[in-house]
Each structure stands twice: as structure tokens, then as C-alpha cells.
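Heads up: the structure comes next, in C-alpha cells.
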Amino acid sequence: MSIAFLDGQYMPIEQAKISPMDRGFLFGDGIYEVVPSYAGKMVGFAPHIARMKSGLEAIGIQLDWSAEDWAQLCNRLIVENGAGNLGLYLHVTRGTDNKRFHAFPKNIAPTIFAYTFEIAPPPIADKSKVKAKKVSTSRDLRWERCQIKSTALLGNVLHFQHGYEQGSDETLLFNADNQLTEASACNVFIVKDGSVITPLLDNQKLPGITRQIVIDVLRNDGQISVEERTVTMDEVANADEVWITSSSKEIAPITEIDGKPVGDGNIGDIWLAAQTLYSAAKFDY
Ligand code: PDD
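If you're matching positions, the sequence shown starts at -10 in the working numbering and goes up one per residue.
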């Protein structure tokens, strides 16, 4: 049984109830975060909270919670839920109103919900111990504010489902100019001739915390070049390696796209180098 937090109270998840008039339920009018935690230690807590604050600001939800308030909540949930491999799900909606009206209501309090779910142990930087993933592709049909980590995820859900129905683990997304944006719930990296390349951040991608840590650890190490730039569909098709990154997956190697092998079809050496650096440094973030 998982212990959750809802509007100031800790309770078993089964007892957490919201009103159907909550704007998160009616409109997907909210912001969320997923922070990974292993044996009581969180990865990227500060950047996750900073991204949530900027998301709340972007959609005009005023919440006077400090990073310390979030840290207290997260640490309590970690302890209450056994301090294993946990995803901490944090969710703030604009709140509950007594009528369904699109404009922001005045004088309602945001709804704050948090719970934990089990995540897989972090990948071991060892090619023989990691299961490679396969992905499908699709035209990115989401909205033009994908930098906001909105709870309105129908576009992402439909893209994920597209791959899932084909037996894939994820769906890579390309915009109308055939440029890679991201995946339905991950950022994407490619490797070509020893260089790591990932799409430049803009309104078409979520600024992933894992993405930033990967870039940082590679740049700090200095042995492998990292570029942030436009990545075309052809470059993805001809890459030596492709990875997807997210808080719960860290760096996941992709060996098949739409049924075709990536590079030689095996997990690559640059993945190994990147995951090794990531595993060693992640708790510093
Ligand atoms: N997904 N892009 C999208 C669209 C995402 O939903 C996510 C995360 C990422 C990776 O971001 P980060 O490295 O900060 O986790 C990129 C989360 C985990 C989810 O929706 O469950």
C-alpha cells in the first residue's frame, strides 16, 4: 500500500479523493513532476523543483511552496513508502471551482497531490545486463508548448499508445520539417562517428532533467563531444546509436526503430561510457 499526500494530509492512496470539479480533472489544468529516488537518495531534486516552479509560473498558478517545503514532502513520502527505488510523483492543479468555466477562477486554492510508485532499479552500465529497447516513429502532433510539463498529456498518451500497439517501448516524434523533437515521455540522443547529438531545446520539447545531467557529465568528462542542434529524420535512421532518457529510465539504448536495426543492432560503446558517467555522478545533481 502506498502512502500519498493530498492537500496537507498523508493517507493511503486508496483514501485520496478529489472533486470532479477539480480543474486538473476537467481541463488537465496543472503541472507535474517525477523525481527518481534510490534507497532514500533523490536524483536532480533541485532542477525538478525549479522546472515545476517555472511551469506553474508559465500557466499562472500561484503556489507559495519553497524548495524546502517540497523537500520535506518528498523525504516524508520516501520514508513512508519504504525508501526503495521510487518515482516521486508531484502534481499541482489550479484547484476546484463550483462551475466549469474556462477562464482562471479567482480565489481558489491549488490542489497538491503526491504519491510514489516503484521504478526499476537504475540500469547497470553493463551491456550484458541491460535490455535494449525498440521504438516506433510518428509525426509529432502535440501542442506548441511542450516545454511546459503539463498534466494534459492526451497527445503524449496517443503517441505512446501508437508505439505500444506495435510492440514498441516508445515512439520517437518528428515535426512537420522531419526534425526529431523528443519521444512521448523521454528525450532522445543519437550518436554518429563518436559524437553525441541531441535536439536543441525549444517549445517542441520538454527540457528533461536527465537530458541535462547526461550533457553535463559528458562535457565535464570531456572525452566525447556533445552537440545540441537540429537532428533530422535521416540522421536518426543512419545513427550509430540512439538513446532515450528520462528520470525513471536514465539512459536507455535503442537497437531497433520501426523494425530496422540501429547501427549494427547492438548496444553501443558510447552508451556504455555515458551510462557509466551518469551512474557515478547522478546523486551530485
Ligand atoms: N516523463 N519528454 C517528455 C515528453 C517527458 O514526459 C519526459 C519525462 C521527458 C524526460 O524528462 P526527465 O528527464 O526530466 O524525466 C522528456 C516522465 C518521467 C513521465 O511523464 O512519467
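The beta-carbon is built from N, C-alpha and C at its ideal position, and this holds for glycine as well. For clarity, every value in this text was computed on a predicted model and none was experimentally measured.
Scanning its chain for C-beta atoms nearer than 8 Å, with the 5 sequence neighbours on each side dropped, one finds around K181 the residues E224, N227, A228, D229, in chain order.
Residue range 19 to 27 is occupied by the beta strand (DSSP E) that includes Y27.
In the three-state DSSP reduction, Y267 falls in the helix class (H, G or I).
Around the beta carbon of H80, a 10 Å sphere encloses 16 or more other beta carbons of the protein chains shown; the residue is thus reported as buried. Within its own chain, no residue has a Cβ closer than 6 Å to the Cβ of S43 once the five positions on either side in sequence are excluded.
Per the coordinates, the alpha-carbon of A270 lies some 30 Å from the alpha-carbon of P250. Residue environment: E22 is assigned as buried (16 or more neighbouring CB atoms within 10 Å of its CB, all protein chains considered). At a cut-off of 8 Å, the beta-carbon of K138 counts as near the ligand PDD: some heavy atom of the ligand is closer than that. Per DSSP, S55 is not a residue of any beta strand (DSSP E), being assigned neither H nor E. By DSSP's assignment, G33 forms no beta bridge with any residue. With a beta-carbon spacing of about 6 Å, T244 and I256 fall inside the 8 Å limit used to define contacts.
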